[in-house]
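Novice: A single structure is presented below for examination.
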Amino acid sequence: ALVLGVLYFLKYAFDNQWIGNTGRVLIGGFSGLALLFAGERFQTKGYKLYGQTVAGGGIVVLYLSIYAAFNFYSLISQIPAMLLMVLVTAVCCSLAYRYRSRTLATMGLLGGLLTPYLLSTGKSNQIGLLSYLLVLDIGSGWLARKRRWGFLNLISFAGTVILFFGWAATFYQPQDVWRTHIFLILFAAFYLALIYEWHSKLGEPAATRPHLISLCAGIVIFLFFVSNVVLFFDEANRFWPFVLVFCALGISFSLWLRASSLAQFVFLLSLLVGIWPWLGGAGYQETDRGITTGSLTVFWLIFAIFDILRLGGRREPTGSSNLVLAFLNGLVYFGLVYSVLHIDYDGWMGLLAVGVALAHLILANAVRNLGSEDPGARSLVFIHIGVAVTLTTLAIPIQLEQDWITIGWGIEALVLVWIGSATASVRMRQAGLAVLVLCLVRLFAWTALRPLPDYVLLLNRRFLAFLAVILVICLIAVLYRKTAGNSHGDLGGMWNPALFPPAFVMIAVGIFVIAVSQEAWTYYGHQQGQLSLALAREEMNQADYYTGHESLSDRRQLTLSLVWGLCSILAVVAGLVKRFRPLRLFGIGLFMFAIVKVFCIDIWRLEQLYRIISTVALGALLLGVAFLYQRFKTVLINP
């Protein structure tokens, strides 16, 4: 409030021309010094917070006075103004050190970072700007070290990044690359020394402090900006060695500091700022395919062995950063290599996915052996297995075609459930079920709807794919039945192994009914298509075509009703023999559905002959069902 009051008074005096430009600046300067003196007096009298507030007001007034003298009135040139602002910043930081005031320290640092912006002449002064920022960072680092104010390092880092990129975006020229590189190395050396100091002084907990990771990020961003985007972007032979060396140093530093989040940051930065723009921009050329593929493999390998080195040296327990890195590494590697090679080597991409999947299975085994004393290593094992499963699932549609994809996913689901049953791994069985769901989605969304030009009843790829999936589901039911009998301490609820065999049996029966019904429907539909072709070739007249077409439609409806009736009887009989109530209920429900169809559709739409056949067949089935009910009434009522 005091500062605002003084500003309002000065504005009034200036508006009335009571005071000239020089006098205005001098009044501001003396006012700032007076506030600093008053703040010092209040501090010595014991009014610490009040004294700090007054001193802070004095610092603001001094900054504004110097800025006005330079920018508004042109009373001083850039260099004296810079020196004066540096002096004010130094005074503010010294007061912050004496008063142990975080507020004054923040104010002084922000004022120092704003100085280049406030005193800018619109011309490039690279050496002056970067030298000033380096000195300011060193000063703030010293103050942060003395008072353990790590937040100052974050502020200085953020300000340095903003000012550097602001300068680079406006004034950077190719001839500035080496001077810029030298300054960035100096910045990197300073922040490395600062991190080492914090690490040595505060011990291992410092390795996980957010501001230390941010300082590492500063090093990475600076070096990556110059060395990658500017210096090496157009030359693959220089770009990739830099990226790989950079990543190797990054994980080495991460192991040393026991900070896995640093390795994750290095991975993401290398990918998003370097590799991805390089592959998608002007840097990548077709002639670079070999070195690019090899370098991407080394890139994957660097981060793949990170957890092996970490667990082998017992450097750090497994955390979320390790899980994220392991998950992204394999999938990103395959995606990037696929984008590079798939045009010319499309037939090998499925094998590539399988190869990477096998590599992650090897990693999973290594992690399991090395991480026996690490509680989080089990999750890391499942991450590697999950990556392997995902890549294998992707390999099937990449390498195979049409219905073989559905069958391949079914076989993969069976293998995963088998492995999960053999190793008592619930997660592995759940992964198998997820792949099975994917298999069923493709079965009904693509395989079942795909037209079959060369159709043969029951001996066609679609029906064989249905039979293969049914067989897979039945085998999975058998595996779950064995698991339910041998599992101890397994998951309960919906993941209870005892619940799955009946469910799988019912799913298999339902799919079989759908497959047989579709065969009946498709068979007559194919014959109707043949009639249409004969009509188009003028091999038959319109009257014969319509007569034949209607006859085939009636046969199709009749056959569908018979299929449902027979399937329902078979389901009831099987349910009685196996004493499996869900199957009996399914058969009864299907039979009721067939009855509804006969009375609601067949009787009203079919020709007389087919209507007779349909009703007689229905009557025979009803008699059979009635006999079965009387014969096995006790079993039906008391299962």
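Numbering (the working numbering), first residue to last: 312 to 950. Cβ atoms here follow ideal geometry from the backbone N, Cα and C, with glycine treated the same way.
1. Closer than 7 Å: is that where the CB of Leu505 sits relative to any heavy atom of the ligand ADP?
2. Over the uninterrupted alpha helix (DSSP H) stretch that includes His671, give me the two end residues.
3. Closest to Val909 by CA distance: which of Leu871, Pro628, Gly450 is it?
4. Could you name the residues of the same chain whose beta carbon sits closer than 8 Å to that of Ala819, not counting the 5 residues immediately before and after it, in chain order?
5. Within 8 Å, do at least three Cβ pairs link the region 570-589 to the region 648-656?
6. Measure the Cβ-Cβ separation of Pro427 and Leu440 and say whether it is below 8 Å.
7. Consult DSSP for Ala931 and reduce its assignment to one of helix, strand or coil.
8. Return helix, strand or coil for Val402, following the three-state DSSP convention.
9. In angstroms, rounded to a whole number, what distance separates the CA positions of Leu568 and Pro893?
10. Tyr595 to Trp589, Cα distance in whole Å?
11. Could you tell me if Glu712 is buried or exposed, where buried requires 16 or more neighbouring beta carbons within 10 angstroms of its beta carbon?
12. Quick check on this structure: which residue in Trp478, Trp489, Leu420 has the alpha carbon closest to the alpha carbon of Asn464?
13. Touch check for the region 623-641 and the region 697-711: three-plus C-beta pairs under 8 Å?
14. Give me the Cα-Cα distance between Arg409 and Phe476, rounded to the nearest whole angstrom.
15. At which residues does the alpha helix (DSSP H) containing Tyr443 begin and terminate?
16. Counting Cβ pairs closer than 8 Å, one from the region 674-688 and one from the region 743-751, do we hit at least three?
17. What residue range does the alpha helix (DSSP H) around Asn464 cover?
18. Taking all protein chains shown into account, do 16 or more other C-beta atoms lie within 10 angstroms of the C-beta of Ser342, making it buried, or fewer, making it exposed?
19. Among Gly836, Ser690, Ala677, Pro708, which residue has its Cα nearest to the Cα of Trp659?
20. Span of the alpha helix (DSSP H) holding Ala699?
21. Taking only three categories from DSSP, how would you classify His653?
22. Among the residues of its own chain, which have a CB less than 7 Å from the CB of Phe904, if the five just before and after it don't count?
23. Whose C-beta lies closer than 8 Å to the C-beta of Pro812 among residues of the same chain, with five residues either side of it excluded?
24. Please classify Ala570: does DSSP put it in a helix, a strand, or coil?
25. Tell me the residue span of the alpha helix (DSSP H) that contains Trp720.
26. Residues in the same chain with beta-carbon distance under 7 Å from Phe774, minus the five sequence neighbours each way, listed in chain order, please.
27. Is the distance from the Cβ of Gly422 to the Cβ of Thr400 below 8 Å?
28. Buried or exposed: which applies to Thr703, given that a residue is buried once 16 or more other Cβ atoms fall within 10 Å of its Cβ?
29. Where do the ends of the alpha helix (DSSP H) carrying Asp865 lie?
30. Mind checking whether Asp714 and Pro628 have CB atoms under 8 Å apart?
31. On the three-pair Cβ rule with 8 Å, is the region 863-870 touching the region 833-848?
32. What are the boundary residues of the alpha helix (DSSP H) that includes Arg753?
33. Give every residue of the same chain whose Cβ lies closer than 6 Å to the Cβ of Pro516, excluding the five residues on either side of it in the sequence, and list them in chain order.
34. Could you tell me the distance, in whole angstroms, from the CA atom of His799 to the CA atom of Leu634?
35. Contact check, Phe578 vs Leu636 under 8 Å by CB: the rounded distance?
Specialist: Working from what's here:
1. As far as ligands go, the structure on display features none, and thus does not contain the ligand ADP.
2. Bounds of the alpha helix (DSSP H) holding His671 are 660-681.
3. Here the closest residue by C-alpha is Leu871.
4. Closer than 8 Å at the Cβ level, and outside the excluded window around Ala819, lie Ile781, Ile784, Cys785, Ala788.
5. Between the region 648-656 and the region 570-589, the count of C-beta pairs closer than 8 Å stays below three; the two stretches do not touch.
6. When the beta-carbon positions are compared, Pro427 and Leu440 come within less than 8 Å of each other.
7. Helix, per DSSP.
8. Residue state, collapsed to three classes: helix.
9. Between Leu568 and Pro893, the C-alpha separation is close to 60 Å.
10. One C-alpha to the other measures close to 6 Å.
11. Counting the other CB atoms within 10 Å of its CB gives Glu712 a total below 16, which places it among the exposed residues.
12. The shortest Cα separation from Asn464 among Trp478, Trp489, Leu420 belongs to Leu420.
13. Contact holds between the region 623-641 and the region 697-711, because three or more Cβ pairs, one in each stretch, are under 8 Å apart.
14. The C-alpha of Phe476 is placed about 34 Å away from the C-alpha of Arg409.
15. Element bounds for Tyr443: 437-458.
16. Inter-segment contact for the region 674-688 and the region 743-751 is absent: fewer than three beta-carbon pairs are separated by less than 8 Å.
17. Unbroken alpha helix (DSSP H) run through Asn464: 461-482.
18. Buried, since its Cβ has 16 or more Cβ neighbours within 10 Å.
19. Comparing Cα-Cα distances from Trp659 to each of Gly836, Ser690, Ala677, Pro708, the minimum goes to Pro708.
20. First-last of the alpha helix (DSSP H) with Ala699: 688-710.
21. The three-state reading of DSSP puts His653 in coil, since its state is none of H, G, I, E or B.
22. The residues are Trp875.
23. Correct list, in chain order: Ala788, Val789, Tyr791, Arg792, Ala795.
24. Looking at Ala570 - three-state DSSP - the assignment turns out to be coil, as it is neither helix nor strand.
25. DSSP places Trp720 in the uninterrupted alpha helix (DSSP H) bounded by 714-733.
26. Counting only Cβ-Cβ distances below 7 Å, and skipping sequence neighbours, we find Ala826, Glu830.
27. The Cβ atoms of Gly422 and Thr400 lie closer than 8 Å to each other.
28. Sixteen is the threshold: when 16 or more other Cβ atoms of the shown chains lie within 10 Å of the Cβ of Thr703, as they do, the residue is buried.
29. That run of the alpha helix (DSSP H) goes 853-888.
30. Result no, Cβ atoms of Asp714 and Pro628 do not sit closer than 8 Å.
31. Short answer: they touch.
32. Residues 737-753.
33. In this prediction, Pro516 has a pLDDT of 44, which is less than 50 and means its spatial position is unreliable; nothing more can be read from the coordinates.
34. Annotation note: pLDDT 44 at His799 (below 50); position unreliable, no value reported.
35. Phe578 to Leu636, Cβ: 6 Å. Contact.
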